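Worksheet: the structure to be examined is printed underneath.
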Amino acid sequence: MLYALLMLATLGALIGFMRGDAYGVPVFILALFATALAFVADITDALTISL
Amino acid sequence: MNALYRLTLLGNAWVLLAILAGAFIAQFAMGEPPCPLCVMQRIAMMLAALGPCYTLLTAQREGLSARVIAIGASITVLASLLGAAISIRQVLLHILPGDPGFGAPIFGYHLYTWAVIAFACSIAASGAQLLGLQWFAGSATRLIPGARLTGFVLGVMLVANILSVVAEAGFAWHLPDNPTRYLLFSR
Chain A
1 MLYALLMLAT LGALIGFMRG DAYGVPVFIL ALFATALAFV ADITDALTIS L
Chain B
1001 MNALYRLTLL GNAWVLLAIL AGAFIAQFAM GEPPCPLCVM QRIAMMLAAL GPCYTLLTAQ
1061 REGLSARVIA IGASITVLAS LLGAAISIRQ VLLHILPGDP GFGAPIFGYH LYTWAVIAFA
1121 CSIAASGAQL LGLQWFAGSA TRLIPGARLT GFVLGVMLVA NILSVVAEAG FAWHLPDNPT
1181 RYLLFSR
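So this is what it looks like as structure tokens:
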């Protein structure tokens, strides 16, 4: 669900760009930061796969 | 608008879309659900493809100004830096000798290795756009063939990936680290 929400935010930015709305770039920045946070949360979790 | 510049933007977006489509086809053809890092790389790639889409779509309305080129290139560079960090992380996870890697290799490399190359090329392409900013900016506004189609295909790719990740994670907040089946359809 987390990744689906991140992709929904990306879709929101794309719709903003297609419609020429001013919110496109802020939504992109939101999606980018949220993805970066999800990545940081992923790398700081203990690994559950065998290396 | 400079024809070569238009072609570069369309090429940049369509190469990223082709890689995403390839990963999506590999997911179903080889029966390999993507891991969390793979999904985050896809998200970063779709965010990077927003850059050329922004420039093409905005130039159609407002003309190709230096501001539009700079914002479009910045979107691609920022998203590609994040994507490169994620894919390098996955390369490093499987760098030990004897490690088979995650998923089947395609043309000799795993998808996350191809992703590092794609993100590096995207950053280089955006740098070239910024380098030629004074030559490209100021061209007359006109209909750009393929601009809306590129945005539409990116939208379809996003919706397909949203459905795929919901099928994979079910109603769980996170994906399993090493997914083997689609949780929405399994008991």
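Chains as they are written, first to last, in this note's numbering: chain A, 1 to 51; chain B, 1001 to 1187. Even glycine gets a Cβ: it sits at the ideal position worked out from N, Cα and C. No experiment lies behind these values; they were computed from the predicted model shown.
Worksheet item: Roughly how many angstroms separate the alpha carbons of I1075(B) and G1031(B), rounded to a whole number?
Response: 33 angstroms
Worksheet item: Just the Cα atoms here: how many angstroms apart are A1115(B) and I1088(B)?
Response: 9 angstroms
Worksheet item: Residues of chain A with CB under 7 angstroms from I1075(B), in chain order?
Response: F28
Worksheet item: Is the CB of F33(A) under 7 angstroms away from at least one CB in chain B?
Response: no
Practice prompt. Tell me the start and end of each unbroken alpha helix (DSSP H) in the segment 1107-1145 of chain B that is at least 4 residues and wholly inside, in chain order.
Written response: 1111-1131 and 1133-1136
Worksheet item: From N1178(B), N1012(B) and L1183(B), pick the residue whose C-alpha is nearest to that of A1172(B); which is it?
Response: L1183(B)
Worksheet item: Thinking just about the alpha-carbon of each residue, which of R1181(B), N1002(B) and C1035(B) is nearest to the one in F1102(B)?
Response: C1035(B)
Discussion item. If I follow the unbroken alpha helix (DSSP H) through Y1054(B), where does it start and stop?
Written reply: P1036 to E1062
Worksheet entry | Candidates A1084(B), L1020(B), L1064(B) and L1149(B), of which the one nearest G1132(B) by Cα | L1064(B)
Worksheet item: Would a check of beta-carbon distances place F10(A) closer than 7 angstroms to chain B?
Response: Per the sequence shown, residue 10(A) should be read as Thr rather than Phe. Chain B, which has a Cβ nearer than 7 angstroms to the Cβ of T10(A), makes this yes.
Fill in: Residue closest to L1010(B), alpha-carbon to alpha-carbon, out of L1163(B), P1033(B) and C1053(B)
C1053(B)
Practice prompt. Reducing DSSP to helix, strand and coil, say where T1180(B) ends up.
Written response: coil
Discussion item. Going by beta-carbon coordinates alone, are L1082(B) and A36(A) separated by less than 7 angstroms?
Written reply: yes
Fill in: DSSP three-state assignment for N1002(B), whether helix, strand or coil
coil
Worksheet item: Since A38(A) meets chain B, which of its residues come closer than 7 angstroms, beta carbon to beta carbon?
Response: M1040
Worksheet item: Looking at the C-beta of Y1182(B), does it have a partner C-beta in chain A at a distance below 7 angstroms?
Response: no
Discussion item. Just to check my reading of the structure: G1078(B) and M7(A) have Cβ atoms closer than 8 angstroms, yes? What is that Cβ distance to the nearest angstrom?
Written reply: Checking the sequence shown, residue 1078(B) turns out to be Leu, not Gly. At roughly 17 angstroms, the Cβ-Cβ gap does not stay under 8 angstroms, so L1078(B) and M7(A) are not in contact.
Practice prompt. Tell me whether E1032(B) sits in a helix, a strand or coil according to DSSP, three-state version.
Written response: coil
Worksheet item: If you draw a straight line from the C-alpha of M962(B) to the C-alpha of A22(A), how long is it?
Response: The question about residue 962(B) has no answer here: the residues shown for chain B are numbered 1001 through 1187.
Practice prompt. Output the boundary residues of the alpha helix (DSSP H) element that contains F39(A).
Written response: G24 to T44
Item to complete: Round the Cβ separation of F28(A) and A13(A) to the nearest angstrom and send it over; I've been treating them as touching at under 8 angstroms.
Response: 4 angstroms
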